[in-house]
Amino acid sequence: MRCSAPCGPCQRSEVGRPYEEKIAALKLIDAESWTPSAELMQAENDYATQDFHLRKHFPGPRFAKLTRPEKGEQDATRTRGSLLRNEVQPEDVVGVWTASSGWTGWDSSDGTYKTLLEELAEQEELKDPVIKEYEAAAARELERWQEDVVHVVQEDDEAESDVPISEPADDEEAMQGSTSSVVDWAAQPPEKQQHLRCLESGGDDLERFRCLRSSWLAVAT
1 MRCSAPCGPC QRSEVGRPYE EKIAALKLID AESWTPSAEL MQAENDYATQ DFHLRKHFPG
61 PRFAKLTRPE KGEQDATRTR GSLLRNEVQP EDVVGVWTAS SGWTGWDSSD GTYKTLLEEL
121 AEQEELKDPV IKEYEAAAAR ELERWQEDVV HVVQEDDEAE SDVPISEPAD DEEAMQGSTS
181 SVVDWAAQPP EKQQHLRCLE SGGDDLERFR CLRSSWLAVA T
């Protein structure tokens with residue numbers, strides 16, 4: 001008679017081993033103050049829950065389900081393996097890993113792949129000479145235009161700097177200007193004085209127009 005199902009202790013040790021290893025690792029880490037104790041408590045609770053279910057499912061120390069093997073001496077003397085495992089091999093499904101398929105294969109320092117500067121240089125060599133000449137002429141024209149713009153801006157700045165800045169007049173100069181304007185006013189003819197009065201009057205546009213019209217008629221006659 002051969003046992004086709006795992007026994008209680010085997011099943012408990014197989015399922016509980018990862019939890020025990022995790023608890024041991026967390027205890028070691030907790031001793032070094034690397035992780036909070038809440039994670040350790042959670043791992044212990046998970047282990048206790050799984051252990052409770054396993055002990056409930058396998059109550060005895062040696063509790064196994066016995067099954068009758070298949071008929072025949074050949075089947076009774078050896079364990080029957082999986083046909084899929086015997087027929088299909090891992091190398092038939094997964095390709096063999098080589099060094100060139102790793103990240104080292106993408107390294108361009110060994111000359112396998114060209115750099116961006118090398119690709120640009122090759123594209124520049126493959127260009128038509130007419131296109132190269134046109135691009136060079138366009139670049140020269142752009143430089144000349146930039147120089148002209150800078151020259152015009154400099155000339156405008158120099159012209160603005162040459163303009164004299166008028167300073168505000170003093171009170172004495174203002175008084176002299178007012179007296180000279182009075183003298184000039186007296187020297188004007190009567191028609192001109194009338195015309196100036198019309199321009200300096202504070203009335204509306206209609207009154208100012210009538211005043212100017214009368215002064216023009218006086219000058220015309």
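One point on numbering: in full-length UniProt numbering, the residue at position 190 of the sequence shown is 190, and numbering is uninterrupted.
Quick reminder that beta carbons are idealized off the backbone N, C-alpha and C, glycines included.
CB A43 to CB L54, shorter than 8 angstroms?
With respect to the 8 angstroms criterion, A43 and L54 are not classified as neighbours on the basis of their beta carbons.
Going straight from the alpha carbon of G16 to that of K56, what length do you get?
The alpha-carbon atoms of G16 and K56 are separated by roughly 14 angstroms.
Starting from L40, trace the alpha helix (DSSP H) both ways and give me its first and last residue.
From DSSP, the alpha helix (DSSP H) with L40 extends over S37 to H57.
Within a Cβ cutoff of 7 angstroms, which residues of the same chain sit near residue 238, ignoring the five residues on either side of it in sequence?
The shown model of the chain, from 1 to 221, leaves out residue 238, and the question about it has no answer.
Please report the straight-line C-alpha distance between E143 and D156, rounded to a whole angstrom.
So the alpha carbons of these two residues sit roughly 20 angstroms apart.
Separation of Q154 from W145, as counted between CA atoms
The alpha-carbon atoms of W145 and Q154 are separated by roughly 14 angstroms.
My understanding is that F58 touches G8, with C-beta atoms under 8 angstroms, so please give their C-beta distance in whole angstroms.
F58 to G8, Cβ: 3 angstroms. Contact.
For D128, which three-state DSSP category applies?
In the three-state reduction of the DSSP assignment, D128 falls in the coil class, being assigned neither a helical nor a strand state.
Tell me, to the nearest whole angstrom, how far the beta carbon of Y47 is from that of I23; I am working on the premise that it is less than 8 angstroms.
At roughly 6 angstroms, the Cβ-Cβ gap stays under 8 angstroms, so Y47 and I23 are in contact.
Distance, Cα to Cα, Q11 vs L116?
Near 59 angstroms, if we compare the C-alpha coordinates of L116 and Q11.
Identify whether Y134 lies in helix, strand or coil by the three-state DSSP scheme.
Y134 falls in the helix class under three-state DSSP.
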